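This report refers to the structure that appears directly beneath it.
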Amino acid sequence: MSDYTLCYVGDQALLVEFENEISIEVNQKVRALKYDLERKKIPGMGELVPTYRALLIHYDPLRADLERLKEEVKTSAARMDLTHLPRAVVTEIPVLYEGEYALDLEEIAKLENTTPEEIIKIHSGSDYYVYMLGFAPGHPYTARFENPFSFKRRESPRVRIPGGSIVVQLALSDIIPFDQPCGWNIIGTTPILVCDYRKENPFLLKAGQWIRHVPVDRAEFLEIKRQVELGEYQCRTYERGQ
Amino acid sequence: MGFITENPGVLTTIQDEGRYGYEQFGMSPAGPMDLRAFRTANLLVDNDPGESALEATALGPALRFDQDNVAAVTGADMAPTLNGRPCPMYQAVAVKAGDVLRLGAAKSGLRSYIAFAGGLDVPQVMGSRATALQNQVGGYQGRRLAKGDAVGFRAPNPGLALPRVAPVPPPEGKEAVIRVILGPQDDMFTQEGLNTFLSQPYTVSKDFDRMGCRLEGAVIAHSGDGNIISDGMVTGAIQVPTSGQPIIMLAERQTVGGYTKIATVISADLPRVGQRKTGDVIRFQAVTVEEAHQLWRAFHQELEELKAQLDRPQPSQPVQPAITYRVTVNGRSYQVQVVRHT
């Protein structure tokens, strides 16, 4: 039995909320509910949008029986079984931690009282969990479960940082899909695209999976970038336990 | 081909019903701001109601056709002309190669729709032809139309039997009552804050685009602050950040948000929000989900009836008043009427 609330979001969506905190335990409930509802194929149920602690359930009021939909959601939320979730996927993200591709690396090292080499080792040393996607297409909100760094945002945000930037603060690390303003420190740059409109499914990542940052040198970075531009590059993926 | 953009107007984009199924990846659905006018325009030219068409904002475009087809203009009255002569709205009109359809400044409302029989020939991205301006994808190269842009018709139907006419909805006044369903975070406001929201007028600010509509008015009081752990968003969500000023999230909204949402505009009233403009006033009225569903069904019913009426064979109609002649032949007087039929 899981603690949740179910509420209306306008006349075409429902929201299921679990505990009001950001944690993988709570997020796994969101993931399990989504998995269960998707397999049920409820008439009129639309897209399911998972976030940190909530699942947004779109429905078509002309096709869905709202009472039945609510019942189905309640049944699924009540019999939540985290053990039946498919194994989580890890996607490797190549990262160049160097020079103009890692504008704040030296400063980060100073802030943390260590060397850039050590910062790279920490950042690429364990997996980050993808809680959700949003803000921009393909943009992952990722974090790990110990605080590897103590620094937070920059004092003044940059007006524009390039797509591909890897930005960090505390336990968080994001991949910026397209040029945008940003107040976080840039630790490195990836040549891969987390959103590539040329592809049938443009999005590289999915909520509930993991990513691992893999250091590459400048030559590897440029070679991967070339392959990405040709649409030929495939990120390495593998399964892990939850 | 189809048409060449002689003048793009202020903001003209290609839209269809929107891009669905990718919100979990952060992709906003886009689509028309006034679904009622958009679907009506498509039905008038015998398209599927969700077919790709043009959305013009504030000041419409001038289009020169290089192929015959049938078009219909709905939504805000931008005093459309065809080759300089007034072009009726809410009515399918035949356009010939060489003709120029020109829309001016909106006299009432904000957004007009121009549909063409057979829709527009732009590629589908993720199953949709809607332009997502924020994400620079879909429609015509992911952007608004610019001077010189040529857009093809996908399946033009110049032989479509006319007339095809829909009733013209009366323009809405400066003040509109927009119905909402409270929540999902209405419990994060004080009772006084909720009362303020439901009783005070809110003015549409200059900050109004396809992403959202920022309103100005009495501050809505939170019980704490305006921040939440980011959750999913729907079109019509009314965010109230800590400033206490509401923002209605629209077609190109983000898919998730970290501000408290006091209420959500009901689906049947969203098209009316899309026609509000700077300086207009909105008052919010709370309704139940059941009422909202009834109004949504009525919205569909209205369009289905229009479709059924348009599909019925139309009697040939006079296009000009009859001209009466008195003719005298061999000393006998006859009254003769001349009527030009379509």
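Sequences listed follow chains A and B, in order. Residue numbers for the first sequence follow the numbering used here, beginning at 94 and rising by one. Residue numbers for the second sequence follow the numbering used here, beginning at 1242 and rising by one. Each residue gets a CB set at the ideal place from its N, CA and C atoms; glycine is no exception. From a predicted model like this one, the values you see are computed outputs, not experimental measurements.
Legend entry - Spatial neighbours of L1547/B in its chain, beta-carbon cut-off 6 Å, leaving aside the 5 residues before and after: L1284 and A1407
Legend entry - Beta-carbon proximity of G301/A to R124/A, cut-off 9 Å: yes
Legend entry - Minimum Cβ-Cβ distance from M94/A to chain B less than 9 Å: Note on M94/A: pLDDT 47, under 50, position unreliable in the model; no value is reported.
Legend entry - Residues that M225/A contacts on chain B, provided the C-beta gap is smaller than 7 Å: V1497
Inset, instruction - Identify which residue in S243/A, V287/A, V252/A and E191/A has its Cα closest to the Cα of L315/A. - result: E191/A
Inset, instruction - Throw me the rounded Cβ distance for the S1349/B and A1299/B pair, which I believe falls under 8 Å. - result: That pair is no contact at about 12 Å.
Inset, instruction - Would you decide whether G334/A is buried or exposed? Buried here means 16 or more other CB atoms lie within 10 Å of its CB. - result: exposed
Legend entry - Stretch pair the segment 278-298 of chain A + the segment 254-267 of chain A: three plus CB contacts closer than 8 Å: yes
Inset, instruction - Return the CA-CA distance between A1278/B and A1294/B, expressed in angstroms with no decimal places. - result: 11 Å
Inset, instruction - Would you mind stating whether G1243/B and Q1308/B have Cβ atoms separated by less than 9 Å? - result: yes
Legend entry - DSSP three-state assignment for K1447/B, whether helix, strand or coil: strand
Legend entry - Which of helix, strand or coil DSSP assigns to M1367/B: coil
Inset, instruction - Report the option in V1445/B, T1444/B, D1466/B and A1402/B whose CA atom is closest to the CA atom of D1428/B. - result: D1466/B
Inset, instruction - Could you confirm whether any beta carbon from chain A is found closer than 9 Å to the beta carbon of Y1261/B? - result: yes
Inset, instruction - Please go through the same chain and pick out, in chain order, the residues whose beta-carbon is closer than 7 Å to the beta-carbon of F271/A, but skip the five residues on each side of it. - result: A229 and G256
Legend entry - I1422/B beta carbon less than 9 Å from that of D104/A: yes
Legend entry - Close Cβ partners of S1471/B (< 8 Å) along its chain, the five nearest in sequence each way excluded: V1497, G1498 and G1499
Inset, instruction - State the Cα-Cα distance for the pair L1435/B and Y1443/B, rounded to the nearest angstrom. - result: 14 Å
Inset, instruction - Decide if R1405/B is buried, meaning its Cβ has at least 16 other Cβ atoms within 10 Å, or exposed. - result: buried
Inset, instruction - Note down, in chain order, each residue of its chain lying with its Cβ closer than 8 Å to the Cβ of V1456/B, except the 5 sequence neighbours on either side. - result: For the sequence presented, residue 1456/B should be read as Leu rather than Val. Y1443, T1444, V1445, S1446, Q1486, P1487, I1488, I1489 and I1523.
Legend entry - Distance CB(G137/A)-CB(A157/A) smaller than 9 Å: yes
Inset, instruction - For I215/A, I'd like the list of residues in its chain whose CB is within less than 6 Å of its CB, leaving aside the five on either flank, ordered along the chain. - result: P241
Inset, instruction - With a 10 Å radius around its C-beta and 16 neighbouring C-beta atoms as the bar for buried, classify L149/A as buried or exposed. - result: buried
Legend entry - Pairwise C-alpha distance: V1506/B and V1481/B: 14 Å
Legend entry - Distance between I1564/B and S1574/B (C-alpha atoms, nearest Å): 17 Å
Legend entry - Those residues which DSSP pairs with K1502/B across a bridge: Q1480/B
Inset, instruction - Determine, using beta carbons only, whether P1397/B and A1358/B come nearer to each other than 9 Å. - result: yes
Legend entry - Residue range of the alpha helix (DSSP H) that includes A1539/B: V1530 to D1552
Inset, instruction - Would you identify the three-state DSSP class for S243/A, choosing helix, strand or coil? - result: coil
Inset, instruction - Return the residue from the list N294/A, L297/A, I285/A and C328/A that minimises the CA-CA distance to E322/A. - result: I285/A
Inset, instruction - Evaluate E210/A with the Cβ neighbour count: other Cβ atoms within 10 Å of its Cβ, from every protein chain shown; 16 or more gives buried, anything less gives exposed. - result: exposed
Inset, instruction - Mind listing, in chain order, the continuous beta strand (DSSP E) runs of no fewer than 3 residues lying wholly within the segment 175-253 of chain A? - result: 181-188, 221-226 and 233-236
Legend entry - Residues that N1310/B bridges to, as DSSP identifies them: V1336/B
Inset, instruction - Could you tell me if P1249/B is buried or exposed, where buried requires 16 or more neighbouring beta carbons within 10 angstroms of its beta carbon? - result: buried
Legend entry - Alpha-carbon to alpha-carbon, E140/A and G1262/B: 6 Å
Legend entry - Separation of Q1375/B from E205/A, as counted between CA atoms: 37 Å
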